[in-house]
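K.L.:
Have a look at the structure that comes next, please.
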Amino acid sequence: MRHFLASDAAQPSDRWWTAFPQGACFGKAGRPALVEALQKADGAPATAWLSTEYSDWPELLRTVLAQAPAARVVVVSCVPDDREGLRAINEGARAYCHLFAIPEMLQEVALVVQHGGLWVGPTLVARLAAATWSLGALQASPQGQEGLLQLLSSRELEVAQAVARGLSNKEIAEKLFISERTVKAHLGATFEKLHVRDRVQLVLRLNQGANGHA
56 MRHFLASDAA QPSDRWWTAF PQGACFGKAG RPALVEALQK ADGAPATAWL STEYSDWPEL
116 LRTVLAQAPA ARVVVVSCVP DDREGLRAIN EGARAYCHLF AIPEMLQEVA LVVQHGGLWV
176 GPTLVARLAA ATWSLGALQA SPQGQEGLLQ LLSSRELEVA QAVARGLSNK EIAEKLFISE
236 RTVKAHLGAT FEKLHVRDRV QLVLRLNQGA NGHA
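One gets the numbering used here by counting positions in the sequence shown from 1 and adding 55 to each.
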């Protein structure tokens, strides 16, 4: 998958370049070239990383989605903000993250959106959870609890509940005294069992379980 960064910074993120050494960066004047590159990559879907340093980034996002609908769009910010993240997702972005995230995290985001999932940071997941799920509801609904327990192991359920609280993989690992690799393994198994692609869908699925629809 090709990766294209729309950034007007004099020196785009070194971490982004490390994550995607074969990528390309387009400044504000290069927007038409960005859209053209995305259109040419339609046979092999590309990812457009749009920086919020542009005040009109939502317009650019809509342009990309309209003219290169096969592209995956990730909105990146130097100073992530949950309200901005919600707007990005509502506008059609597949992910919202920090422009200066470590390369491994950027690659993880790319992998999620490549497979059709959504990716947002832990605090935004928590905000979505608060809007869709009362955290105590799962414990308060025996039917929902029983349904999920039939699908998940006790540890997988613990990890899933921690995700719904907005904890990162590192925080979950510290809380449960397990490694981050083990957290990822539990999440992978949980995604497969519940037929979800990402953390956002997991929270929504837990909401169904909490209401007795598991």
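Even glycine gets a Cβ: it sits at the ideal position worked out from N, Cα and C.
To the nearest angstrom, how far is it from the Cα of residue 61 to the Cα of residue 131?
P.N.:
So the alpha carbons of these two residues sit roughly 10 Å apart.
K.L.:
Go through its chain and collect everything with a Cβ distance to residue 270's Cβ below 6 Å, but skip five positions before and after it.
P.N.:
This structure cannot settle anything about residue 270, because the visible part of the chain is limited to 56 through 269.
K.L.:
By the DSSP assignment, the alpha helix (DSSP H) with residue 209 in it spans what residues?
P.N.:
First-last of the alpha helix (DSSP H) with residue 209: 209-219.
K.L.:
As a quick exercise: from 224, 252, 140, pick the residue whose alpha carbon is nearest that of residue 173.
P.N.:
Here the closest residue by C-alpha is 252.
K.L.:
Mind checking residue 227: buried by the 16 CB within 10 Å criterion, or exposed?
P.N.:
Residue 227 should be labelled buried.
K.L.:
Using the DSSP secondary-structure output, state which residues sit across from residue 80 in a beta bridge.
P.N.:
For residue 80, which the question treats as bridged, DSSP gives the partners 60.
K.L.:
Is the beta carbon of residue 127 sitting closer than 8 Å to the one on residue 100?
P.N.:
Against a cut-off of 8 Å, the Cβ pair of residue 100 and residue 127 comes out as a contact.
K.L.:
Alpha carbon to alpha carbon, how far is residue 238 from residue 86?
P.N.:
Whole-angstrom Cα-Cα distance: 40 Å.
K.L.:
Would you mind working out which of 160, 156, 56, 124 sits nearest residue 148, comparing C-alpha positions?
P.N.:
Selected option, being the one with the closest Cα: 124.
K.L.:
Nearest CA to the CA of residue 117: which residue from 236, 135, 144?
P.N.:
Nearest option by C-alpha distance: 144.
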